[in-house]
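According to this note's numbering, the stretch in the sequence shown is residues 417 to 585, in order.
Here's the structure, in structure tokens; my notes come after.
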Amino acid sequence: TQENQNLFADLRRQIIAREFSHLNPRQQEGVLTTEGPLLLLAGAGSGKTTVLIHRITNLLKYGRASDSREVPDYITENDLAFLQAYAQGGVFTQQEESRARLLCTLEPAMPWQVIAITFTNKAAGELKARLETAIGPDANDIWAATFHSACVRILRRNIEKLGFPSSFT
Numbered sequence: 417t418q419e420n421q422n423l424f425a426d427l428r429r430q431i432i433a434r435e436f437s438h439l440n441p442r443q444q445e446g447v448l449t450t451e452g453p454l455l456l457l458a459g460a461g462s463g464k465t466t467v468l469i470h471r472i473t474n475l476l477k478y479g480r481a482s483d484s485r486e487v488p489d490y491i492t493e494n495d496l497a498f499l500q501a502y503a504q505g506g507v508f509t510q511q512e513e514s515r516a517r518l519l520c521t522l523e524p525a526m527p528w529q530v531i532a533i534t535f536t537n538k539a540a541g542e543l544k545a546r547l548e549t550a551i552g553p554d555a556n557d558i559w560a561a562t563f564h565s566a567c568v569r570i571l572r573r574n575i576e577k578l579g580f581p582s583s584f585t
């Protein structure tokens with residue numbers, strides 16, 4: 417029913433949001449927004465990099481689930497009841513936590529599908545280090561770079577198609 421679909425989508429978002437409950441409401445909004453572009457406009461030291469790290473983590477772990485009302489066809493009444501109990505909190509087994517995560521995931525991104533662009537080499541280095549801390553070795557497959565280094569990387573891959581050597585300067 418439509419009521420069950422709405423309940424499922426609300427529970428899923430609530431469960432995902434709980435993982436990022438240590439962030440303030442505006443930061444959570446940035447992390448949980450997965451559909452379409454997002455502009456983070458804030459002053460120095462306000463947590464923009466933190467939001468970016470957690471947003472990437474969310475996209476890799478849950479995909480577009482936190483921002484979607486879509487309910488997969490395979491979700492049963494039993495799954496819905498399980499998520500209701502899980503959303504209320506408590507102590508759960510590792511198997512139950514895995515089940516909740518699986519039920520809450522919708523088309524997760526692969527690390528090589530993510531690009532995080534920044535302005536300075538220092539910021540790019542910090543971004544890479546913090547991504548590795550947050551998600552582990554998969555961070556090596558994420559493009560975390562400055563505008564310039566990302567563009568050079570793209571050009572070096574394809575420049576020979578235009579008749580130039582990849583060792584251009």
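Glycine residues also receive a C-beta, built at the ideal position from the N, C-alpha and C atoms.
Just so you know, these numbers come straight off a predicted model, no measurement behind them.
| Query | Result |
| --- | --- |
| Mark H438 as exposed unless 16 or more other C-beta atoms lie within 10 angstroms of its C-beta, in which case mark it buried. | exposed |
| Taking all protein chains shown into account, do 16 or more other C-beta atoms lie within 10 angstroms of the C-beta of S482, making it buried, or fewer, making it exposed? | buried |
| To the nearest angstrom, how far is it from the Cα of P581 to the Cα of H564? | 18 Å |
| Report the partner residues of A539 according to the DSSP bridge assignment. | DSSP output for A539 lists no bridge partner at all. |
| Quick one: does the C-beta of I469 sit closer than 6 Å to a heavy atom of the ligand PLP? | Among the components of this structure there are no ligands whatsoever, and the ligand PLP is therefore not found. |
| At 4 residues or longer, and completely inside the stretch 433-491: list those alpha helix (DSSP H) runs for me, N to C. | 441-448 and 464-478 |
| If we count Cβ pairs, one from each stretch, closer than 8 Å, do we get three or more for the stretch 442-449 versus the stretch 462-475? | yes |
| Would you call the CB atoms of L522 and S484 closer than 7 Å? | yes |
| Three-state secondary structure (DSSP) at T521? | coil |
| Flag this pair as touching only if the stretch 562-578 and the stretch 502-520 have three or more C-beta atom pairs under 8 Å; answer yes or no. | no |
| If you check the beta carbons only, do E548 and A539 fall under 7 Å apart? | no |
| Here's the rule I'm using: 16 or more other beta-carbon atoms within 10 Å means buried, otherwise exposed. How should L475 be labelled? | buried |
| Can you check which of these residues, R428, I558 and Q529, is closest to G541 by C-alpha distance? | I558 |
| May I ask you to list the residues that DSSP assigns as paired with A501? | DSSP output for A501 lists no bridge partner at all. |
| Let me check one thing: in DSSP terms, what residues is T534 bridge-paired to? | T562 |
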